[in-house]
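A.B. asks: Sharing a structure with you now.
There are 2 protein chains.
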Amino acid sequence: MRLRIAVDAMGGDHAPASIVEGAIAAARAWGDTVLLVGLEPRVRAEVDRVGARGAQIEIVHADEVVGMDEPAVSSLRRKKRSSIRVAARLVADGQADAFVSAGNTGAVMANLKVALGLLDGVDRPALAAVLPNRQGVSVWLDVGANVDTRPSHLVQFAIMGFLYSRGVIGVAQPRVGVLSIGEEEGKGNEATREVARRLRACGPGINFIGNVEGRDLFSGRADVIVCDGFIGNVTLKAIEAVSETTGLFLREEIERRWLARAGALLMRGAFRSFRRRVHYEEYGGVPLLGLRGAAIIGHGRSSPRAIQNAVRVAGEFVRQKVNDRIRDEMARLPAGVVDGSDATEAEAAL
Amino acid sequence: MRLRIAVDAMGGDHAPASIVEGAIAAARAWGDTVLLVGLEPRVRAEVDRVGARGAQIEIVHADEVVGMDEPAVSSLRRKKRSSIRVAARLVADGQADAFVSAGNTGAVMANLKVALGLLDGVDRPALAAVLPNRQGVSVWLDVGANVDTRPSHLVQFAIMGFLYSRGVIGVAQPRVGVLSIGEEEGKGNEATREVARRLRACGPGINFIGNVEGRDLFSGRADVIVCDGFIGNVTLKAIEAVSETTGLFLREEIERRWLARAGALLMRGAFRSFRRRVHYEEYGGVPLLGLRGAAIIGHGRSSPRAIQNAVRVAGEFVRQKVNDRIRDEMARLPAGVVDGSDATEAEAAL
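Protein sequence lines correspond, in order, to chains A and B.
Going by our numbering, the first sequence opens with residue 47, and the numbers climb by one from there.
Going by our numbering, the second sequence opens with residue 47, and the numbers climb by one from there.
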């Protein structure tokens with residue numbers, strides 16, 4: 047089945063050039079139709095520059111562009127014809143099967159929530175990062191779609207992550223862990239202890255293995271790691287920074303020594319292969335799970351290769367019917383596990 | 047002034063050998079007296095092996111040892127004559143000026159709280175990591191002494207971190223930030239927004255610069271970074287793991303290529319210098335702030351060099367009168383900033 051994938055051609059630090067180039071490569075490589083959404087003359091110029099032979103491409107005009115640093119709320123209110131919104135509407139209206147953008151993450155999430163709405167049984171969407179570990183890759187969510195989540199939300203994240211890992215990553219029985227301090231059952235804070243209690247109540251279907259620690263983001267001990275979006279976002283940014291700082295410090299030490307500079311030249315192949323293994327662009331962006339529609343959010347710095355992989359991941363999301371499975375599983379859960387019984391008193395009074 | 051520093055000779059993966067070696071080197075290098083606390087025959091054998099000429103060393107017998115994986119609570123109840131407890135009691139009784147251990151972190155924290163108690167004005171102790179950044183080092187707390195902290199506790203952490211940075215790290219006017227998502231004033235979760243509000247109310251003395259992000263743990267934008275111990279612990283472990291995994295992946299790529307292996311040999315000097323710059327052992331362990339006494343906790347894997355530096359840091363903690371300054375500053379703060387006005391209803395009812 048040929049899918050139709052809407053790509054926000056104007057989103058990303060290197061848009062529209064890198065986006066169009068990656069989208070055309072994706073259409074060619076994966077055989078789906080890519081709808082390039084953005085300022086028509088600029089997108090067409092890029093398509094002409096790259097050449098679209100052998101690729102099914104359509105251009106959909108959108109006459110507004112959301113800046114990478116624009117506040118999400120203002121983009122939502124003032125730019126109703128942005129490329130982000132138009133691409134999201136294509137999915138909502140059934141004219142496209144999936145959405146891809148490397149634009150302003152806050153604006154993309156806000157527009158997707160408004161345009162697509164949430165799946166039945168899901169109260170909050172979750173941003174799921176895909177991380178390389180010693181054995182394969184893990185799915186880690188939420189890395190920043192929400193702050194101030196309740197235990198019932200984290201249970202929903204666990205189920206969505208489990209089904210995404212099985213459907214898109216291809217793990218047969220993904221092991222699900224809660225990110226906490228210490229592996230023992232009683233360890234953690236109030237919220238994680240409650241999440242663990244509820245996940246155990248879900249039964250064997252979810253394959254819950256208990257608490258995991260920060261180090262397990264890379265150990266491969268769990269295939270799905272669940273946490274609050276505040277912690278996920280802080281930790282993700284710290285991980286990105288430690289990698290960059292490591293590279294920077296190492297380069298400084300190499301620059302000081304001619305012998306080391308020669309050594310670095312000999313190591314180029316190893317560095318390149320290492321980079322391919324750990325670099326986000328091979329993982330094709332992160333899904334925003336829980337929406338009525340498939341949506342993949344790329345890194346702002348997305349290269350053509352990253353966009354090409356994001357379109358591939360979007361296609362797998364649709365083909366594996368991840369959303370149907372999430373909806374079915376939410377309906378099947380025992381009472382009290384994901385319902386609002388943990389709403390605070392103030393919320394319950396509303 | 048010659049200080050007396052109590053070192054838990056039995057704590058750490060390489061105890062007592064590495065601990066005794068590092069402690070003797072410290073006594074020789076910094077001129078303080080080191081009290082080696084542990085099983086007398088084993089400690090004495092190590093002292094004889096290393097040789098203590100030119101070092102002021104005393105051995106204090108303690109006939110129990112807490113294992114590295116023993117639960118903190120059981121060590122507290124069942125091993126009242128452990129090297130950890132005896133060393134902590136030496137500080138409590140005024141027979142030593144400071145405490146150093148690379149033993150079981152949970153047991154060390156629990157024993158220190160019981161033996162020393164908290165400073166006036168401090169409700170919770172905080173574990174403060176010292177991290178290298180692009181410009182120098184930052185102090186980051188709490189990295190795991192507490193879970194489920196309230197905003198008033200984080201304000202106390204900010205003040206303790208500020209005074210530690212000034213006294214021990216030597217930053218004249220340390221910039222204090224709250225770890226959050228997004229730098230803008232309104233960003234964050236309920237807790238961080240309340241902490242920021244209170245820190246602004248503290249006035250210019252504390253040099254509060256607002257929110258910082260995960261990436262700022264390494265950017266040098268703040269000298270002191272404050273967070274909840276749950277987030278701090280998860281993030282610290284993730285950072286350690288990403289560094290180890292990076293090294294592992296890179297070694298695997300190098301092993302596959304003979305050219306790269308040759309390159310790695312040429313780069314040895316650069317790698318070594320890089321390691322010195324980022325390695326924990328140069329920073330000498332992390333202080334547990336807020337106690338009636340100076341206490342430095344070393345990494346379980348502490349080498350002799352790490353212990354030597356931990357003893358140095360313990361001495362600076364005492365000489366710079368960090369605890370007197372914390373107590374004075376807590377007394378000076380405006381009402382409502384660090385008092386219990388944010389206690390939950392359940393707590394207030396007790």
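Note that the Cβ used here is the ideal one computed from N, Cα and C, for glycine as well.
1) Give the single residue among B:99, B:189, B:106 whose Cα lies nearest to the Cα of residue 74 of chain B.
2) Please say whether residue 83 of chain A and residue 154 of chain A have beta carbons closer to each other than 8 Å?
3) I'd like to know whether the C-beta atoms of residue 269 of chain A and residue 188 of chain A end up nearer to each other than 8 Å.
4) Leaving out five residues before and five after residue 381 of chain A in sequence, what residues of the same chain have Cβ atoms less than 8 Å from its Cβ?
5) What did DSSP end up calling residue 394 of chain B once you bin it into helix, strand or coil?
6) Any contact of the segment 276-283 of chain B with the segment 178-196 of chain B, i.e. 3+ C-beta pairs under 8 Å?
7) What are the residues that DSSP puts in a beta bridge with residue 54 of chain B?
8) Hey, which unbroken runs of the beta strand (DSSP E) at 3 residues or more fall wholly within the segment 240-297 of chain B?
9) May I ask you to list the residues that DSSP assigns as paired with residue 104 of chain B?
10) Hey, quick one: how far does the beta strand (DSSP E) through residue 340 of chain A stretch, first residue to last?
11) Identify every run of the beta strand (DSSP E) within the segment 91-172 of chain A, keeping only runs that are complete inside it and at least 3 residues long; order them along the chain.
12) For residue 210 of chain B and residue 369 of chain B, what's the separation of their Cα atoms in angstroms?
13) Examine chain A for any beta-carbon lying closer than 8 Å to the beta-carbon of residue 116 of chain B, and answer yes or no.
14) Verify whether the separation of the beta carbon atoms of residue 253 of chain A and residue 203 of chain A is less than 8 Å.
15) Buried or exposed: which applies to residue 384 of chain A, given that a residue is buried once 16 or more other Cβ atoms fall within 10 Å of its Cβ?
16) Could you check whether residue 171 of chain A and residue 240 of chain A sit closer than 8 Å to each other, using their CB atoms as the reference points?
17) How close, in whole Å, do the beta carbons of residue 333 of chain B and residue 174 of chain B come, if the pair is a contact with beta carbons under 8 Å?
18) I'd like to know if residue 49 of chain A contacts chain B, where contact means its C-beta is closer than 8 Å to some C-beta of that chain.
19) Give the residues from the segment 251-270 of chain A that approach chain B closer than 9 Å (Cβ to any Cβ), ordered along the chain.
20) Just to check my reading of the structure: residue 61 of chain A and residue 55 of chain A have Cβ atoms closer than 8 Å, yes? What is that Cβ distance to the nearest angstrom?
21) Can you find the residues in the same chain that come closer than 7 Å, C-beta to C-beta, to residue 219 of chain A, ignoring five residues on each side of it along the sequence?
22) Can you list the residues of chain B that residue 311 of chain A reaches, using a CB-CB cut of under 8 Å?
23) Taking the straight line between their C-alpha atoms, what separation do you get for residue 394 of chain B and residue 50 of chain A?
24) Using C-beta distances below 7 Å, list every residue in its chain close to residue 147 of chain B, excluding the 5 sequence neighbours before and after it, in chain order.
25) In terms of DSSP beta bridges, what is residue 176 of chain A paired with?
26) When the Cα atoms are used, what is the spatial distance from residue 392 of chain B to residue 243 of chain A?
27) Pairing CB atoms from the segment 287-295 of chain B with CB atoms from the segment 301-316 of chain A, are three or more of them under 8 Å?
28) Strictly below 7 Å CB to CB, what residues from chain B border residue 225 of chain A?
29) Just curious, the alpha helix (DSSP H) that residue 383 of chain B is in, first and last residue?
30) Output, in chain order, the set of chain B residues within a Cβ distance shorter than 9 Å of residue 283 of chain A.
31) Strictly below 9 Å CB to CB, what residues from chain B border residue 234 of chain A?
32) Any idea if residue 87 of chain A is buried or exposed, counting beta-carbon neighbours within 10 angstroms, 16 or more meaning buried?
33) Apply the 10 Å Cβ neighbour rule to residue 349 of chain A and answer buried if 16 or more other Cβ atoms are within range, or exposed otherwise.
34) State the beta-bridge partners of residue 309 of chain B as determined by DSSP.
35) Please identify the residue among B:66, B:121, B:206 whose C-alpha is closest to the C-alpha of residue 375 of chain B.
36) Using only the alpha-carbon positions, how far apart do residue 169 of chain B and residue 330 of chain B sit?
C.D. replies: On the basis of the data shown:
1) B:99
2) no
3) no
4) none
5) Here residue 394 of chain B scores only 42 on pLDDT, less than 50, and its place in the model should not be relied on; the value that follows carries that caveat. It is helical.
6) yes
7) B:83
8) 254-258, 270-272
9) B:81
10) 340-343
11) 103-107, 144-147
12) 9 Å
13) no
14) no
15) buried
16) no
17) 5 Å
18) no
19) 259, 260, 261, 262, 263, 264, 265
20) 6 Å
21) 253
22) 309
23) Below a pLDDT of 50, predicted positions are generally treated as unreliable, and residue 394 of chain B, at 42, falls in that range; the measurement from the model is reported next regardless. So the two alpha carbons sit approximately 58 Å from each other.
24) 54, 57, 130, 133, 154, 343, 344
25) A:185
26) Only weak support exists for where residue 392 of chain B lies, its pLDDT of 43 falling under 50; the value from the coordinates is given anyway. Roughly 22 Å between the two C-alpha positions.
27) no
28) 280
29) It is not in any alpha helix (DSSP H) - residue 383 of chain B carries neither H nor E in the DSSP assignment.
30) 227, 259, 260, 261, 262, 263
31) 193, 276
32) exposed
33) buried
34) Looking at the DSSP assignment, residue 309 of chain B forms no beta bridge with any residue, so it has no partner.
35) B:206
36) 26 Å
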